[in-house]
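Residue numbers (the working numbering): 129 to 565.
Here's the structure we're looking at; comments come further down.
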Amino acid sequence: MRRSIPLSAHQAQLLEDRARQVDRDLLESIREVSQRLGCSVYVVGGGPRDLVLTGQPGDLDLVVVGDGEEFAGGLAERLGGKLRRHTRFGTARLEGLGEGLDVATARTETYDSPGALPRVEPGSLSEDLQRRDFTVNTLAIEIGQGPPYEFLDSHGSLEDLEEGHLRVLHDGSFTDDPTRILRGLRFETRLRLRLDDAAERQARAAAADGVFGALSGDRLRREVFRLLEPVGSAESRLRRLDELGLMAVLHPDLRVFREDLAWIREAAQALEALPEDTQEVEGWRLVLPVLLGRLDRAGREAIAARLELRPEDRDWLLDSRETLDRAIEVLMRPGALPHDVDRVVRPLRPEEIALLLAIDKPPVVQWTHRWLDALRAVRLSLTGQELIEAGFASGPSIGRALEATREARLDGSIGVEDELRFALEFLKSGSLEGAKA
Ligand code: CTP
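Structure representation (structure tokens):
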């Protein structure tokens, strides 16, 4: 049954404003090109959903009943921008307009085997909606006709949005594509919706049947990483993963402990409060070292392999817990000096620093704060060039002298005005020892 519900005047205005942000002439161009080509054009999925939920339609994904690629080509001609076609899926992306615009040909999908990518053929709007993950993502607004606009609600989306339900369209949805279970958990926190009882049952059953086993490591990694973003939502999503018996998707021995969740929650808060860093923050780098901390190396290796991590990420993850433990051990040492602290904290990423700030060990927390507030800003004014000009040959000893000088600065045993004198003495005593030996 298909219901048409008019958008309120306010919703229509928000939709038009959003379209104008992408391009001032977007709506007029869509109308003109769709009429010329005789196709129907709809905004579908996240845009209408978020318009209802939050009043902020995010991405305006377009579905064309007709030839979507040809339509996208017509839009590109009128509006400019660069067109990237994915002919196999009948989709195209128009780049250079706002954040870009996705255009898809309405299609049917069939899955040759669970977890595989679907086989795609052109179809009607209702076939296109029928293949989607949750009813809340099946709202459509025909935009090619111009106003007045209506929500086309063929699967009870508006009611599900009102009641906060994430409902699947058919029993085999999670078997076709198990990433939908993880998407559902993401939507739960992000959109304050909840898998309904049937979806929850199907998620458990699908996981117990091993459907994730058929999923490539690449797709699993992308979804797991997205599940841990933003990292402030990671704790509640991990709870839900655990409740639904899905931790085993990563490793059969993986368990979620209450104290680990508390550490993750507090570290996520600490991470938000950290000063802006140039390094991009990634949720998985905060969460996985904690979760995997209780596994042996073979277990961690199995997870890294399952997620098909890039070699450098794999190495980082395998060592991450030891790296943290080593830092914690140094920061707990009664006689630790600032330069000892700097040596172990400086190489850490922001996610690891946040974990130190959130640990239940006061000396670690205090040292980490002191490093952030003062030690990390200590810079030498002395350069290696000055030491060479003072008569020392370039080579590793210059680097060692600079390092020793920096450590003395960090420990406060010399001031900035003493750097040159200190470094020269260091080099002279080094060459004396060299001469004696
Ligand atoms: N979709 C699906 N199964 C998937 C991925 C996507 O059925 N595994 C469908 C969903 O119905 C979704 C649409 O494809 O609405 C577009 O996907 P995407 O842009 O990833 O999701 P959005 O719902 O737009 O969510 P977001 O706001 O995160 O972009």
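Cβ atoms here follow ideal geometry from the backbone N, Cα and C, with glycine treated the same way.
On a predicted model such as this, the values are computed, not experimentally measured, just so you know.
Would you say the beta carbon of residue i is closer than 6 Å to some non-hydrogen atom of ligand 1?
i, result
"residue 411", "no"
"residue 218", "no"
"residue 196", "no"
"residue 320", "no"
"residue 303", "no"
"residue 260", "yes"
"residue 173", "yes"
"residue 233", "no"
"residue 238", "no"
"residue 308", "yes"
Compute the Euclidean distance between the alpha carbons of residue i and residue j, then round it to the nearest angstrom.
i, j, result
"residue 180", "residue 289", "8 Å"
"residue 297", "residue 369", "21 Å"
"residue 450", "residue 340", "30 Å"
"residue 169", "residue 282", "16 Å"
"residue 452", "residue 482", "11 Å"
"residue 493", "residue 360", "20 Å"
"residue 503", "residue 219", "52 Å"
"residue 547", "residue 473", "23 Å"
"residue 532", "residue 513", "16 Å"
"residue 356", "residue 329", "23 Å"
"residue 301", "residue 261", "7 Å"
"residue 511", "residue 462", "33 Å"
"residue 550", "residue 522", "17 Å"
"residue 555", "residue 377", "57 Å"
"residue 520", "residue 540", "26 Å"
"residue 352", "residue 285", "26 Å"
"residue 518", "residue 407", "37 Å"
"residue 214", "residue 319", "30 Å"
"residue 161", "residue 345", "40 Å"
"residue 307", "residue 265", "15 Å"
"residue 202", "residue 421", "54 Å"
"residue 325", "residue 305", "19 Å"
"residue 172", "residue 347", "23 Å"
"residue 427", "residue 448", "14 Å"
Hey, would you say residue i sits closer than 7 Å to residue j, going by beta carbons?
i, j, result
"residue 294", "residue 327", "yes"
"residue 250", "residue 238", "no"
"residue 506", "residue 538", "yes"
"residue 242", "residue 342", "yes"
"residue 111", "residue 478", "One cannot answer for residue 111 here, as it falls past the ends of the chain, which runs 129 to 565."
"residue 177", "residue 267", "yes"
"residue 231", "residue 280", "no"
"residue 209", "residue 167", "no"
Using 8 Å for Cβ pairs, my map puts residue i next to residue j. What's the rounded Cβ distance?
i, j, result
"residue 381", "residue 419", "About 11 Å; that fails the 8 Å criterion."
"residue 277", "residue 143", "6 Å"
"residue 188", "residue 229", "7 Å"
"residue 372", "residue 331", "5 Å"
Cutting at 6 Å between CB atoms, please list the residues of its own chain near residue i, excluding the five before and the five after it.
i, result
"residue 363", "389, 392 and 393"
"residue 94", "Outside the shown range of the chain, which is 129 to 565, sits residue 94, and nothing can be said about it."
"residue 138", "none"
"residue 545", "none"
"residue 247", "238"
Only counting the same chain, and skipping five residues up and downstream in sequence, which positions put a Cβ closer than 7 Å to that of residue i?
i, result
"residue 563", "In this prediction, residue 563 scores a pLDDT of 48, lower than 50, which makes its location untrustworthy; the coordinate-derived value is nonetheless stated afterwards. The answer is none, since no qualifying residue turns up."
"residue 198", "165"
"residue 486", "391, 394, 395 and 398"
Excluding five sequence neighbours on each side, which residues of the same chain lie with their C-beta closer than 8 Å to the C-beta of residue i?
i, result
"residue 207", "151, 153, 154, 157, 222 and 225"
"residue 148", "154 and 155"
"residue 425", "446"
"residue 497", "485"
"residue 315", "262, 264, 294 and 321"
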